[in-house]
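> Protein chains in written order, with this note's numbering: chain A, -15 to 390; chain B, 546 to 951.
Note that the Cβ used here is the ideal one computed from N, Cα and C, for glycine as well.
So that we are looking at the same thing, I have put the structure below in structure tokens.
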Amino acid sequence: MRRYALEGIHVLDFSWVGVGPITTKYLADNGAEVIRVESLARPDILRLAPPWKDAKPGIDTSQFFASFNTSKRSITLDLGKPRARELVLKLLPWADIVAESFTPKALRKWELDYEHLRALKPDLIMLSTCMQGQTGPNALYPGFGQLMAALSGYYHISGYNPGEPPCPPYGAYTDFIAPRFAACALLAALDYRRRTGRGQYIDMSQYEAALHNLAPALVDYFASGRVAGPAGNHSERYAPHGAYRCADLDGHERWLALAVESEDEWRGMLAAMGNPPADSRFATMAARMENRAALDQFVGALVRERDADELTVALQAAGVAAYPVQNCVDIHRDDNLEAFGFWHWLDHKVTGPSPYEGLAYRMSRTPGELRAPGPALGQHNDEVFGEMLGLDAAEIARLKEERVIF
Amino acid sequence: MGSELLSGFRMLDLADEKGALGSKIFADMGADVIKVEPPQGCSTRRIPPFLDDLPDPDRSLYFIAYQAGKRSVTLNLGSPDGRALLEDLVRKSDFLLESFPVGYMESLGLGYDRLTELNPRIIHTSVTPFGDTGPGRNYKAADIVSWAAGGPMFLMGDEGRPPLEMALPQAGLHAGAEAAVASLLAHYSREIEGQGQRVVIDMQACVLWTLMNEQAMPILHGDYIRRTGMYYTATGTRRRLVYACKDGYISTVLAGGSGVGAISMKGLVEWMAARGFAADWMVAKDWTTWVPGILMKATEQDRDEIADLEERVQRFFNTMTKREIYAEALKRRILLAPVATAADIADDEQLKARNYFVRVERAAPGRTQRRGLGRAFEDRRRTAGPFARNRRDLGGAESRDEALRA
Chain A
-15 MRRYALEGIH VLDFSWVGVG PITTKYLADN GAEVIRVESL ARPDILRLAP PWKDAKPGID
45 TSQFFASFNT SKRSITLDLG KPRARELVLK LLPWADIVAE SFTPKALRKW ELDYEHLRAL
105 KPDLIMLSTC MQGQTGPNAL YPGFGQLMAA LSGYYHISGY NPGEPPCPPY GAYTDFIAPR
165 FAACALLAAL DYRRRTGRGQ YIDMSQYEAA LHNLAPALVD YFASGRVAGP AGNHSERYAP
225 HGAYRCADLD GHERWLALAV ESEDEWRGML AAMGNPPADS RFATMAARME NRAALDQFVG
285 ALVRERDADE LTVALQAAGV AAYPVQNCVD IHRDDNLEAF GFWHWLDHKV TGPSPYEGLA
345 YRMSRTPGEL RAPGPALGQH NDEVFGEMLG LDAAEIARLK EERVIF
Chain B
546 MGSELLSGFR MLDLADEKGA LGSKIFADMG ADVIKVEPPQ GCSTRRIPPF LDDLPDPDRS
606 LYFIAYQAGK RSVTLNLGSP DGRALLEDLV RKSDFLLESF PVGYMESLGL GYDRLTELNP
666 RIIHTSVTPF GDTGPGRNYK AADIVSWAAG GPMFLMGDEG RPPLEMALPQ AGLHAGAEAA
726 VASLLAHYSR EIEGQGQRVV IDMQACVLWT LMNEQAMPIL HGDYIRRTGM YYTATGTRRR
786 LVYACKDGYI STVLAGGSGV GAISMKGLVE WMAARGFAAD WMVAKDWTTW VPGILMKATE
846 QDRDEIADLE ERVQRFFNTM TKREIYAEAL KRRILLAPVA TAADIADDEQ LKARNYFVRV
906 ERAAPGRTQR RGLGRAFEDR RRTAGPFARN RRDLGGAESR DEALRA
């Protein structure tokens, strides 16, 4: 019986930063052998991005990189050199999947694009992921997830009120939408190849994938011409609905998120908050929707001196959806994440032991796991070029000297 | 012409908005997805906005957006006959996706143990708000509550004001897409070994995965990130992400660095200089090493330059519209994006060039044509979401046979 779902699958991964590496991480954490092909001339910018061990930048001190590249190996090649291309082609027969996120031009220049690779390996599955797709007028336009989040409409629907500047979602939001689409496409393509013997090329646009999380607003626009905008925490479905300030904890602000969808939940909420006197402005859902600003004040006053954790327990016991608004310290002491086994402590050879984001899914028969933290740059050069490709130590040394292998 | 990636496989979709995007991805890839709805219809039929603002089970644009390409049947799982029909469906299906409260399927006698008796190949994927084992396993979670629990809400909004959710709730979409990935991991293993498995999705963890590794900041840098409105502050320096323009906002990151960053800054400064908006120091600057507050902390001089630069850029963009700015940015390869609305996205040249939006026929009621969302895969086939009044009622033998037809 196989230990991992993707045992025996091999991935040659030229991608970098967010979408590509998170996609291949799904494969690597489930037993696929993934080799990141990196270049010192173009190091993955996540290697240079915080958070770093002891807040000190360094090529191998970023947990940002280490976290998105668990269970993978790293080799380094200067792809601009012909000898490097030869080594890539030697690895090609081994690979089931090639993933890359260069601009559409780069691989054609090196003759490592799908047409070239397919001629050598007809059943190859290849994933190209970039900002806006391989074709179209903006195919070559560079960017990153923060900008994609603005382009894909997320900045515009984020804020307190129309007319105020947006309060965007944190970071490169679309980098965390697209990988799930890319991983689905790769997994389905693997199974399709198993059934038919045919490989395929997957042109992944981060922009196009990201728009799926905006679909109702787009369909609404096409159907009615309505343009969704920022709405604070107001909902057309729940009232109250929002984040309400609770008592501080050790000098840190604490907020409680809650949402009430029915009269039962409303009564449950009032009971959990000490049964305040009835207020006709809030007697029905329609009235609460009508008087939302007053309702937010009312709920805000009820919880302001309360402990967010205790309120969560009381509200949930009363059948009301509620939870503290957690910061990045809170999530590390969250009993539910702990029970799910979310945090994985890994011992990185440079950054030492620290908790990594684990898997958001659990499989009963072939559970995935974080097998190792992201590799140091070129950590597996000797292993891959020596043991896998059979180059002897002298030749590897010469290639390093010629800066083919960094 | 439909996608063949998953053709021949069937998914029973009993999920609400916590799984809808996952089964949509399956439908987009060619799987036969059958929504199994309760007699009153799936709760996603009641999510606003509605076509022509008329609340109706067939007019939810949320439903239309995420249930496209699926078939629909109704089943009363409260009755023995309804459960027996579901058992029949399970025997003829490959996947079952649901998002019921933890323990509900077991209470019906339809827990994984029973499903696997009926069909050892079945992959049973459950989307849960807080996992299935922890103290919160029975907690309710509206979308905003998961957004709070996983961490991103705390990071969104202005200092001193409430944390924010986006106007279009996101947590369930992340969980649904994760369910698709994990189901396909199990699928690949099942197709080789013949055995299905149980998959549990933790929605809180899915949301946490959008944090861009900020979870590691407290451990490696000694503090957690606060929300800072339209500024990026992870390296201790406020860097502005959003600028007003004539008709809205644009987003850009003013930072150089080797490669695209320096090209972007040089392009922007040349453009500003041509219009008389650039300071001399900006024209003289070597942008290839200038990344303060992005990849490194800023010095006193950096801070002065940031302040002057951001102010001048704001004055410059005030003179133009989003469209004018983006058009020039594309030419000059400036890293920039409009804060796009649904209307901007619908009109985007790149999406048009790639035929992203696909017109979908709806037979009845209401208007006959809608545009659906396009592909993230190489798939052009779309049908609109199934209609409540066209649903097959599995109570009648004739329609039951039709629904069960291979």
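Taking only beta-carbon positions, decide if A/Ile315 is within less than 9 Å of chain B.
Closer than 9 Å to some Cβ of chain B, the Cβ of A/Ile315 qualifies, so yes.
> What does A/Tyr307 pair with, by DSSP beta-bridge criteria?
In DSSP, A/Tyr307 forms a bridge with A/Ala241.
> Report all residues from its chain with a CB closer than 6 Å to the CB of A/Gly183; omit the five preceding and five following residues, and keep chain order.
Counting only Cβ-Cβ distances below 6 Å, and skipping sequence neighbours, we find Asp107, Leu108, Ile109, Arg177.
> Below 7 Å between beta carbons is the criterion; list the residues of the segment 560 to 578 of chain B that meet it against any residue of chain A, in chain order.
So the list reads Leu566, Ile570, Met574, given in the order they occur along the chain.
> Would you report the Cα separation of B/Phe675 and A/Val368, rounded to the nearest angstrom?
Near 41 Å, if we compare the C-alpha coordinates of A/Val368 and B/Phe675.
> Which of the three DSSP states, helix, strand or coil, is assigned to A/Cys114?
DSSP places A/Cys114 in strand when its eight states are reduced to three.
> So with CB distances below 7 Å, who are the chain B contacts of A/Pro359?
Simply none; closest approach about 16 Å.
> Reducing DSSP to helix, strand and coil, say where B/Gly793 ends up.
B/Gly793: strand per DSSP, three-state reduction.
> Who does A/Trp329 pair with in a DSSP beta bridge?
The partner list for A/Trp329 (beta bridge, DSSP) reads A/Pro339.
> By how many angstroms is the C-alpha of B/Asp853 removed from the C-alpha of B/His732?
Using only the alpha carbons, I get a separation of about 56 Å.
> Using beta carbons (cut-off 9 Å, strictly below), is A/His(-6) in contact with chain B?
Chain B contact via Cβ: absent.
> Listed in chain order, which residues of the segment 741 to 752 of chain B have Cβ atoms closer than 7 Å to some Cβ of chain A?
Taking 7 Å as the Cβ-Cβ cut-off against chain A, the residues of the segment 741 to 752 of chain B that qualify are Gln742, Arg743, Val744, Val745, Ile746, Asp747, Gln749, Ala750, Cys751.
> Helix, strand or coil for B/Glu815 per DSSP?
In the structure shown, B/Glu815 sits in a helix (DSSP, three-state: H, G or I).
> Mind listing the chain A neighbours of B/Asn863? Cutoff is C-beta to C-beta under 9 Å, in chain order.
Correct list: empty, because the minimum Cβ distance to chain A is about 13 Å.
> Where does the unbroken alpha helix (DSSP H) through B/Tyr871 begin, and where does it stop?
Where B/Tyr871 is concerned, the enclosing alpha helix (DSSP H) stretches over 867 to 877.
> Would you say the segment 733 to 742 of chain B touches the segment 120 to 135 of chain A, given that touching needs at least three Cβ pairs under 8 Å?
Result no; under three Cβ-Cβ pairs closer than 8 Å.
> So what's A/Leu108 in DSSP terms, helix, strand or just coil?
In the structure shown, A/Leu108 sits in coil (DSSP, three-state: anything other than H, G, I, E or B).
> Verify the CB distance criterion: does A/Phe128 have a CB-CB separation below 9 Å to chain B?
With 9 Å as the cut-off, A/Phe128 counts as an interface residue toward chain B.
> Using a Cβ-Cβ cut-off of less than 9 Å, give me the residues of the segment 881 to 895 of chain B that come near chain A, in sequence order.
Listed in sequence order: Leu881, Ala882, Pro883, Val884, Ala885, Thr886, Ala887, Ala888, Asp889, Ile890, Ala891, Asp893, Glu894, Gln895.
> Over the uninterrupted beta strand (DSSP E) stretch that includes A/Glu22, give me the two end residues.
Its beta strand (DSSP E) spans residues 17 to 22.
> Pick out the complete beta strand (DSSP E) segments inside the segment 577 to 631 of chain B, 3 residues or longer, and give them in chain order.
Complete beta strand (DSSP E) runs here, min 3: 577 to 582, 616 to 619.
> What did DSSP end up calling A/Trp0 once you bin it into helix, strand or coil?
Residue state, collapsed to three classes: coil.
> I need the boundaries of the beta strand (DSSP E) containing A/His225, first residue and last residue.
First-last of the beta strand (DSSP E) with A/His225: 225 to 229.
> Out of curiosity, what's the CA-to-CA distance linking A/Tyr157 and A/Gln130?
Taking the straight line from one Cα to the other gives about 6 Å.
> Could you pull the start and end residues of the beta strand (DSSP E) that B/Ala882 belongs to?
Taken as a continuous stretch (DSSP letters only), the beta strand (DSSP E) holding B/Ala882 covers 881 to 883.
> How about B/Glu738: is its C-beta nearer than 9 Å to some C-beta of chain A?
Chain A contact via Cβ: present.
> Taking contact to mean 3 or more Cβ pairs, one atom from each stretch, closer than 8 Å, check whether the segment 278 to 285 of chain A and the segment 213 to 227 of chain A are in contact.
At 8 Å Cβ cutoff, the stretches touch.
> Check this for me: beta carbons of A/Leu361 and A/Asp44, under 9 Å apart or not?
Yes, the pair counts as a contact, with Cβ atoms nearer than the cut-off.
> Hey, how far is the Cα of A/Pro35 from the Cα of A/Ser338?
Taking the straight line joining both Cα atoms gives about 12 Å.
> What whole-angstrom Cβ distance do A/Thr60 and A/Leu91 have, given they're in contact under 8 Å?
Contact doesn't hold; Cβ gap of about 18 Å is too wide.
> The segment 157 to 171 of chain A: which residues have C-beta closer than 7 Å to a C-beta of chain B, in chain order?
Correct list: Tyr157, Phe160, Arg164, Phe165, Ala167, Cys168, Ala169, Leu171.
> Taking the continuous beta strand (DSSP E) assigned at B/Arg904, which residues delimit it?
B/Arg904 -> beta strand (DSSP E) spans 903 to 906.
> Going straight from the alpha carbon of A/Ala262 to that of A/Leu254, what length do you get?
So the two alpha carbons sit approximately 9 Å from each other.
> Taking only the alpha-carbon atoms, compute the straight-line gap between A/Gly147 and B/Thr886 and give it to the nearest angstrom.
Those two C-alpha atoms are separated by around 13 Å.
> If you pair each beta-carbon of the segment 796 to 805 of chain B with each one of the segment 874 to 885 of chain B, do three or more pairs fall below 8 Å?
The answer is yes - the segment 874 to 885 of chain B touches the segment 796 to 805 of chain B, with three or more Cβ pairs under 8 Å.
> Residues of chain A with CB closer than 7 Å to the CB of B/Tyr901, please, in chain order.
Residues of chain A passing the Cβ test: Glu192.
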